[in-house]
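Contents: one structure, followed by commentary.
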Amino acid sequence: LGNLSGEMSVLGTEMSPSSMDCKNILRDVAAYVPQNEQFFPNQTPEEAVEFAANLKLGRDERGDHVRKSRVREMLDLVGIPVKARTRSIGGTLAGGVVLRGLSGGERKRLALACAFA
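Residue numbers (our numbering): 290 to 406.
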């Protein structure tokens, strides 16, 4: 197919893609956000971000209040309104029942908050 060549810089620092420094820095500053986000329709945005944080961070010895603070911080960062945080995300349930919930843009921002968590 050919050879790829070029330079790569992360946050202004030139790096080799195969170096461990590059991998560690990318892990801290980059995230994968799927094109078609998948959430449980009955779940709230707070629960979705908390679930993602639990998967990534595991158990935090500092306590639940630190995790809840981080969840609120992520939702603030992506602009999910406070009143939308406690209602269901919405979507289609088994059997074709549709639940109203977040708008398409709010769902995309929620997926970003889950990736950041």
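Glycine included, every Cβ here is placed at the ideal spot set by N, Cα and C. Bear in mind that the values here come from a model prediction, so they are computed numbers and not experimental data.
Under 8 Å between C-beta atoms of residue i and residue j
i, j, result
"L382", "P334", "no"
"V360", "A342", "yes"
"K357", "A406", "no"
Pick from the options that is closest to residue i, judged by C-alpha positions
i, options, result
"G393", "N313, I369 and P306", "I369"
"E336", "N292, L364, R348 and S305", "L364"
"G301", "C311, S307 and S294", "C311"
Rounded distance between the beta-carbons of residue j and residue i, thought under 8 Å
i, j, result
"A402", "A320", "Actually they do not touch by this definition, with Cβ atoms about 10 Å apart."
"V318", "V299", "7 Å"
Simplified DSSP state of residue i, which is helix, strand or coil
i, result
"G394", "helix"
Evaluate contact between the stretch 317-331 and the stretch 374-381, counting only Cβ atoms and requiring at least three cross-stretch pairs below 8 Å.
-> yes
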